[in-house]
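Student:
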Amino acid sequence: MTATAAPAATGRRAPRRATGGQALRLVVLIAIVAVVLYPLFWMIGTSFKSQEEIVNNVGLLPEAFTPGNYTAGWTNFDLSFGRFFLNSAMVSLLTVVGNGISCLLAAYAFARLRFRLRGLWFAVMIGTLLLPGHVLIVPQYILFRTLGLVGGEWPYLPLLIPQFLATEAFFVFLMVQFMRGIPRELDEAAKIDGANAFGIFRHVILPLSRPALVTTAIFSFIWTWNDFFRQLVFLSGLEDYTVPVALTLFIDSTSQSAVGPMFAMSVLSLLPVFLFFLAFQRMLVEGINTSGLKG
Amino acid sequence: MALTTAPDPTRARTGSVPTPASGRGVGRPRHGEGLAGYVFLSPWLLGLMAVTAIPMLLSLWLSFTNYDILTPWSEVEWVGLANYERMFTADPSYWHSVRVTVTFALVAVPLKLAAALGVALLLNRAWRGVGLFRSLFYLPSLLGGSVALAIVWVNMFNRDGAFNSLLGLFGVEGAPWVNDPDWALETLMVLAIWQFGAPMVIFLAGLKQVPTELYEAASVDGAGRWRRFRNVTLPMLSPVIFFNLVLETINGFQGFTAAFVLSNGTGGPVDSTLMYTLNLYITGFTDLEMGYASAMAWVFLVAIAVITAIFFSTGRFWVHYSDGEDR
Numbered sequence: 001m002t003a004t005a006a007p008a009a010t011g012r013r014a015p016r017r018a019t020g021g022q023a024l025r026l027v028v029l030i031a032i033v034a035v036v037l038y039p040l041f042w043m044i045g046t047s048f049k050s051q052e053e054i055v056n057n058v059g060l061l062p063e064a065f066t067p068g069n070y071t072a073g074w075t076n077f078d079l080s081f082g083r084f085f086l087n088s089a090m091v092s093l094l095t096v097v098g099n100g101i102s103c104l105l106a107a108y109a110f111a112r113l114r115f116r117l118r119g120l121w122f123a124v125m126i127g128t129l130l131l132p133g134h135v136l137i138v139p140q141y142i143l144f145r146t147l148g149l150v151g152g153e154w155p156y157l158p159l160l161i162p163q164f165l166a167t168e169a170f171f172v173f174l175m176v177q178f179m180r181g182i183p184r185e186l187d188e189a190a191k192i193d194g195a196n197a198f199g200i201f202r203h204v205i206l207p208l209s210r211p212a213l214v215t216t217a218i219f220s221f222i223w224t225w226n227d228f229f230r231q232l233v234f235l236s237g238l239e240d241y242t243v244p245v246a247l248t249l250f251i252d253s254t255s256q257s258a259v260g261p262m263f264a265m266s267v268l269s270l271l272p273v274f275l276f277f278l279a280f281q282r283m284l285v286e287g288i289n290t291s292g293l294k295g
Numbered sequence: 001m002a003l004t005t006a007p008d009p010t011r012a013r014t015g016s017v018p019t020p021a022s023g024r025g026v027g028r029p030r031h032g033e034g035l036a037g038y039v040f041l042s043p044w045l046l047g048l049m050a051v052t053a054i055p056m057l058l059s060l061w062l063s064f065t066n067y068d069i070l071t072p073w074s075e076v077e078w079v080g081l082a083n084y085e086r087m088f089t090a091d092p093s094y095w096h097s098v099r100v101t102v103t104f105a106l107v108a109v110p111l112k113l114a115a116a117l118g119v120a121l122l123l124n125r126a127w128r129g130v131g132l133f134r135s136l137f138y139l140p141s142l143l144g145g146s147v148a149l150a151i152v153w154v155n156m157f158n159r160d161g162a163f164n165s166l167l168g169l170f171g172v173e174g175a176p177w178v179n180d181p182d183w184a185l186e187t188l189m190v191l192a193i194w195q196f197g198a199p200m201v202i203f204l205a206g207l208k209q210v211p212t213e214l215y216e217a218a219s220v221d222g223a224g225r226w227r228r229f230r231n232v233t234l235p236m237l238s239p240v241i242f243f244n245l246v247l248e249t250i251n252g253f254q255g256f257t258a259a260f261v262l263s264n265g266t267g268g269p270v271d272s273t274l275m276y277t278l279n280l281y282i283t284g285f286t287d288l289e290m291g292y293a294s295a296m297a298w299v300f301l302v303a304i305a306v307i308t309a310i311f312f313s314t315g316r317f318w319v320h321y322s323d324g325e326d327r
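Residue numbers (the numbering used here), protein chains in the order written: chain W, 1 to 295; chain U, 1 to 327.
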């Protein structure tokens, strides 16, 4: 690695050796980036096209930038689209809180405490990692409906209850792996100072687990924000809809006039994820690196 | 599920896969700690019971009934194996959805992994800008599963969409892709492949672990670029390839959002995008045949378990662990 890092330092363009290969590599990479990013730019460009232009000009850029789609999309339904954003934000943020707390508690038990059947429970937890959510949706729906929670007083409970019960095994596993890297000597020291399991958790593990918590927070926010399946199943009233479910309402109205507003709202819906990406890109890319699941 | 390998290929390489059993004195918990363990574990245990185990059992029972959400519990009838019989012998659309799903996974997963590995190899050198490329390639993996991106995709591959106008530049007249039963699923495959960034990042982590001495030794022995790739990179990378393959296959079988958006929840055109999970959703939540949908869910679960088991049993023959640890 260090050997190949040296020529790069000599300048952005054409390092002294292997110029042909390097340049070719760069050209290929730029070509791939162009192809990969095209749909995203096209989405943004189209969202600023007038209705006419959407039909006649499928190019990347609009001839005239018109923000009209954004205002039209925002007010397209009986409710302002802002309502759906608020709903999505609430579900996503509460999911972050739920996952953070419950997964941290479970991870601490698995990583540090000794108790009967720990090995068995750990194996079960790993087993649930690969359990497809689609398999459980029907019985979960029936259970939550029987309990009066679907379309109930506060319709987000079926979405949130599992998140407060550490059912996202991926995050439990991620935190277990992280906690194993915290030196046990710290626990021992706290123990000598008279701390019990709760004290060690509070004063040693919790403060040191912040990086794992941040990773968990970012990924649970993004995944919940983008999640469609569960929200589609559990939310039934327009005023309860989250952004992804509301977006599908545009598809129902198949008229051409809906395309512009639909694109505008799609762009807006991806904005929070994109901002997260900008702010945490290193962490995101490396977080998936070291924990390597999903995506 | 037979998954006991730590889903962390990069760390696995170091040979220190920690299992909970590696702690000292398991089975004889010290007084007090056992209780504390269960206190901390209680939310998870409750979740396991209420959100996972009980629903699973309920679903197993439902799969032998004619339950739909409208009939009261007292009138639910035990129908024995009728749901399974219907699935396997009398429901052509079921088999069609199996075919669609398997086709999707068989084509999209290898191509996605090939793209991921190819680009990872291009990026596997430290030079200025590599981080930027890596992030840009990863972006679709963050956005791609969303409804918004599926909407964009459908419009891009319309008859009058951007893709056809691009083809028009070369004088090719494109199909109406998303509205064409012969091509709709392919557009979904392209969408899946487009999200190659996540496995790419994992490949990159794996490539970093390959000792440079191995390449040097191979070069000294006169191995060319291809031989080095074939005889050093591939075997050293095989645990990561294995990991990505298992993960992406399981993900591939579960594709739902894009198929739902493309077909407006119907699996069309002409059932060409009727992915298994979409079929399950339609059966359970549109047709309200929840007993039948539960049977489908259980077959799906068993199928995924079997496929995972097959991966793990064949993995022994081609996955190379450099620490000699046999798993």
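Glycine residues also receive a C-beta, built at the ideal position from the N, C-alpha and C atoms.
Would you report the Cα separation of residue 45 of chain U and residue 162 of chain W, rounded to the nearest angstrom?
Tutor: Spanning the two alpha carbons is a distance of roughly 11 Å.
Student: For a test of the three-state rule: what should DSSP assign to residue 73 of chain U, helix, strand or coil?
Tutor: Here residue 73 of chain U sits in helix by DSSP.
Student: Quick check on residue 155 of chain U - is its C-beta less than 8 Å from some C-beta in chain W?
Tutor: It does: the Cβ of residue 155 of chain U has a partner Cβ on chain W nearer than 8 Å.
Student: Counting only C-beta atoms, is residue 175 of chain W closer than 8 Å to chain U at any point?
Tutor: By this cut-off, residue 175 of chain W is not an interface position.
Student: Going by DSSP, what residue range makes up the alpha helix (DSSP H) through residue 158 of chain W?
Tutor: It spans 157-160 - the alpha helix (DSSP H) in which residue 158 of chain W sits, taken as one unbroken run.
Student: Could you say which of W/176, W/250, W/274 and W/217 lies nearest to residue 110 of chain W if we only look at CA atoms?
Tutor: For residue 110 of chain W, the nearest C-alpha among the options comes from W/176.
Student: Under 7 Å Cβ to Cβ from residue 19 of chain W, same chain only, skipping five residues before and after it: list those, please.
Tutor: The answer is none, since no qualifying residue turns up.
Student: Nearest to residue 73 of chain U by CA position, among U/38, U/110, U/61 and U/304, is which residue?
Tutor: The shortest Cα separation from residue 73 of chain U among U/38, U/110, U/61 and U/304 belongs to U/61.
Student: In the stretch 96-153 of chain W, which residue ranges form an unbroken alpha helix (DSSP H) of at least 4 residues, counting only runs that do not cross its ends?
Tutor: Qualifying alpha helix (DSSP H) stretches, in chain order: 118-129 and 133-146.
Student: Within 8 Å of any Cβ in chain W, is that where the Cβ of residue 117 of chain U sits?
Tutor: No - not a single Cβ of chain W is within 8 Å of the one on residue 117 of chain U.
Student: Out of W/38, W/128, W/72 and W/218, which has the shortest C-alpha to C-alpha gap to residue 305 of chain U?
Tutor: Ranking the options by Cα distance to residue 305 of chain U, first place goes to W/128.
Student: Nearest-angstrom Cα distance between residue 348 of chain U and residue 302 of chain U?
Tutor: Because chain U spans 1 through 327 in this model, residue 348 of chain U falls outside it and cannot be assessed.
Student: Is the number of C-beta pairs between the stretch 93-101 of chain U and the stretch 276-283 of chain U that are closer than 8 Å three or more?
Tutor: With a cut-off of 8 Å, the stretch 276-283 of chain U and the stretch 93-101 of chain U count as touching, because enough Cβ pairs lie within range.
Student: Please state whether DSSP places residue 187 of chain U in a helix, a strand or coil.
Tutor: Helix.
Student: To the nearest angstrom, report how far apart residue 53 of chain U and residue 298 of chain U are at their CA atoms.
Tutor: Their backbone Cα atoms lie some 13 Å apart in a straight line.
Student: Taking just the CA atoms, how far does residue 118 of chain W sit from residue 142 of chain U?
Tutor: Cα to Cα, residue 142 of chain U sits roughly 34 Å from residue 118 of chain W.
Student: Cα separation between residue 147 of chain U and residue 266 of chain W?
Tutor: Residue 147 of chain U and residue 266 of chain W: Cα-Cα distance of roughly 8 Å.
Student: From residue 250 of chain U to residue 225 of chain W, what distance separates their C-alpha atoms?
Tutor: When rounded, the distance between both Cα atoms is 22 Å.
Student: To the nearest angstrom, report how far apart residue 262 of chain U and residue 180 of chain U are at their CA atoms.
Tutor: Whole-angstrom Cα-Cα distance: 11 Å.
Student: Would you check if the distance between the CB atom of residue 197 of chain W and the CB atom of residue 106 of chain W is smaller than 8 Å?
Tutor: Their beta carbons are not under 8 Å apart, which means residue 197 of chain W does not touch residue 106 of chain W by this criterion.
Student: Leaving out the 5 sequence neighbours to the left and right, which residues in its chain are closer than 6 Å to residue 167 of chain U when beta-carbon positions are compared?
Tutor: Cβ neighbours of residue 167 of chain U beyond the five flanking positions: 174.
Student: I'd like to know whether the C-beta of residue 313 of chain U is nearer than 8 Å to at least one C-beta of chain W.
Tutor: It does not; no Cβ of chain W falls within 8 Å.
Student: What residues of chain W sit near residue 147 of chain U, judged by a beta carbon separation below 7 Å?
Tutor: By Cβ distance, chain W contributes 228, 244, 247 and 248.
Student: Would you mind sorting residue 309 of chain U into buried or exposed? The rule is 16 or more other CB atoms within 10 Å of its CB.
Tutor: Label assigned to residue 309 of chain U: exposed.
Student: Can you list the residues of chain W that residue 62 of chain U reaches, using a CB-CB cut of under 8 Å?
Tutor: Here the neighbours are 138, 139 and 142.
Student: Please confirm if residue 167 of chain W has its CB atom under 8 Å from at least one CB of chain U.
Tutor: Taking Cβ atoms only, chain U reaches closer than 8 Å to residue 167 of chain W, which makes this a yes.
Student: Can you have a look at residue 333 of chain U and say buried or exposed, based on whether 16 or more other CB atoms are within 10 angstroms of its CB?
Tutor: Chain U is shown only over 1 to 327; residue 333 of chain U falls outside these bounds and no answer can be derived.
Student: At the level of alpha carbons, what is the spacing between residue 331 of chain U and residue 207 of chain U?
Tutor: The shown model of chain U, from 1 to 327, leaves out residue 331 of chain U, and the question about it has no answer.
Student: In chain U, which residues lie less than 8 Å from residue 171 of chain W when you measure between Cβ atoms?
Tutor: Result: empty, since nearest Cβ-Cβ is about 11 Å, beyond 8 Å.
Student: Indicate the three-state DSSP secondary structure (helix, strand or coil) for residue 65 of chain U in the structure shown.
Tutor: Three-state result, residue 65 of chain U: strand.
Student: Does any C-beta atom of chain U lie closer than 8 Å to the C-beta of residue 283 of chain W?
Tutor: No, its Cβ sits nowhere closer than 8 Å to a Cβ of chain U.
Student: Taking only the alpha-carbon atoms, compute the straight-line gap between residue 44 of chain W and residue 61 of chain W and give it to the nearest angstrom.
Tutor: Rounded to whole angstroms, residue 44 of chain W to residue 61 of chain W spans 9 Å at the Cα level.
Student: According to DSSP, what are the bridge partners of residue 74 of chain W?
Tutor: None; residue 74 of chain W has no bridge partner.
Student: Can you have a look at residue 188 of chain W and say buried or exposed, based on whether 16 or more other CB atoms are within 10 angstroms of its CB?
Tutor: Exposed, since its Cβ has fewer than 16 Cβ neighbours within 10 Å.
Student: At 8 Å on the CB atoms, spell out the chain B contacts of residue 87 of chain U, in chain order.
Tutor: Note that chain B does not occur in the displayed structure, where the protein chains are W and U.
Student: Enumerate in chain order the residues of its own chain whose CB-to-CB distance from residue 76 of chain U is below 6 Å, with the five nearest sequence positions on each side excluded.
Tutor: Once the five neighbours on either side are set aside, the close Cβ partners of residue 76 of chain U are 65 and 67.
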